[in-house]
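J.: The sequence shown begins at 0 in numbering that gives the first Met the number 0 and counts up by one.
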Amino acid sequence: MSEKISVMISEADVDKRIAEVAKQISEDFAGEELHLITILKGGVFFSCELAKRITLPVSLDFMSVSSYGDATKSSGVVKIVKDLDEPIKGKNVLVVEDIVDSGRTLTYLLEYLKARNPKSLTLCTMLDKPSRRVKPVDVKYTAFEIEDKFVVGYGLDYAQKYRNLPYIGCVELDG
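(1) Starting from Ala18 and walking both ways along the alpha helix (DSSP H), at which residues does that stretch end?
(2) May I ask which residues mark the beginning and end of the alpha helix (DSSP H) holding Val43?
(3) Thinking Val99 and Lys128 are a contact (beta carbons under 8 Å), I'd like their distance in whole angstroms, please.
(4) State the DSSP-derived secondary structure class of Ser65, mapped to helix, strand or coil.
(5) Could one say the Cβ of Phe45 lies closer than 9 Å to chain B's Cβ atoms, at least one of them?
(6) Assign Val95 to buried or exposed, taking buried as 16 or more other Cβ atoms, counted over all protein chains shown, within 10 Å of its Cβ.
(7) Within the same chain, show all residues whose beta-carbon is closer than 7 Å to that of Tyr107, passing over the 5 residues directly before and after it, in chain order.
(8) My output table needs one value for Glu85: the three-state DSSP class, helix, strand or coil.
(9) What's the call for Gly68, buried or exposed, on a 16-neighbour Cβ count within 10 Å?
(10) Using the beta-carbon count (16 or more within 10 Å), is Val133 buried or exposed?
(11) Just how far apart, CA to CA, sit Leu55 and Arg131?
(12) Looking at Tyr157: is its Cβ nearer than 9 Å to the Cβ of Glu32?
(13) Measure the CB-CB distance between Asp97 and Tyr153 and report whether it falls below 9 Å.
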């Protein structure tokens, strides 16, 4: 099986929108510190670019949560592969994700983190596919809402490939 990738959102458009989202986050949390929890691996590219543009004191931590494997659709089974290194109690936490799809993973993860008593818990995603939602998720900050297509680039992968593309691409599978 081979893949054909076409540009869905250009690098320039991604960069521009990240700056806009960072500005809104900075305004909303003015005078506060912000603790970013990046969801690995896909969220790293977005989170780094976002953090560079947020004008508040920012700390970082990482989690790895799996629900896909090498498939193009969520399995519905959520597994925490890497947990946080630091406590989040009393912190303004911004969970940074690459894409919100069915909502299963994020629903589970947000409940998991809420039990740790952060001051606030907010979700930011680069991409949102609301048409695929199975569980309701409160996404406060969304860079782009997209239709139900399988996408790669800017951290998103297909079987661990294409994360390094500087744009959001749409995958078409041949065979």
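Glycine included, C-beta positions come from ideal geometry on N, C-alpha and C.
T.: So, to answer that:
(1) 10-27
(2) 42-52
(3) 7 Å
(4) strand
(5) The displayed structure is made up of one protein chain only, and chain B is not part of it.
(6) buried
(7) Val77
(8) coil
(9) Bear in mind that a pLDDT of 49 at Gly68, under 50, signals an unreliable position, so the model cannot answer this.
(10) exposed
(11) 33 Å
(12) no
(13) yes
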